[in-house]
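Counting from -5, one number per residue, gives the positions in the sequence shown under our numbering.
Note that the Cβ used here is the ideal one computed from N, Cα and C, for glycine as well.
In this text, all values refer to a predicted model and were calculated from it rather than measured experimentally.
What follows is a set of notes on a single structure, which appears directly below.
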Amino acid sequence: MTKGAITAVRHDPQLKAYYNRKIKDGKNNMSVINAVTNKLILRIFAVVAKREQPFVKLNA
């Protein structure tokens, strides 16, 4: 899932802003990638299990 998180940081404006903010705060690169991975997993779970609706991308 690490490669998925790296790709998400490159292409998703919300996750890119989150990544840059955490790096600017002094967090370790891999710690932030793990946090992004967790956010991706939570998004997937929210779509598949809870809402049963497609993901709606919000403006960053």
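Segment limits, alpha helix (DSSP H) that includes residue i
i, result
"L36", "N23 to F39"
"P7", "P7 to K18"
Cβ neighbours of residue i in the same chain (closer than 7 angstroms, five flanking residues each side left out)
i, result
"Y13", "V3, V26 and V30"
"A(-1)", "I27, V30, T31 and L34"
"T(-4)", "I27 and T31"
Chain-order list of residues whose beta-carbon lies under 6 angstroms from that of residue i (same chain, five-residue window excluded)
i, result
"L9", "A2, V3 and V30"
Any non-hydrogen atom of the ligand FAD within 8 angstroms of residue i CB
i, result
"A2", "The ligand FAD is not among the ligands present in this structure, which contains no ligands whatsoever."
Cβ shell of residue i (< 8 angstroms), same chain only, five flanking positions each side left out
i, result
"A43", "none"
"L52", "Q8"
Note to self: Closer than 8 angstroms is the cut-off here; do at least three beta carbon pairs connect the region 13 to 24 with the region 34 to 44?
What the structure shows: no
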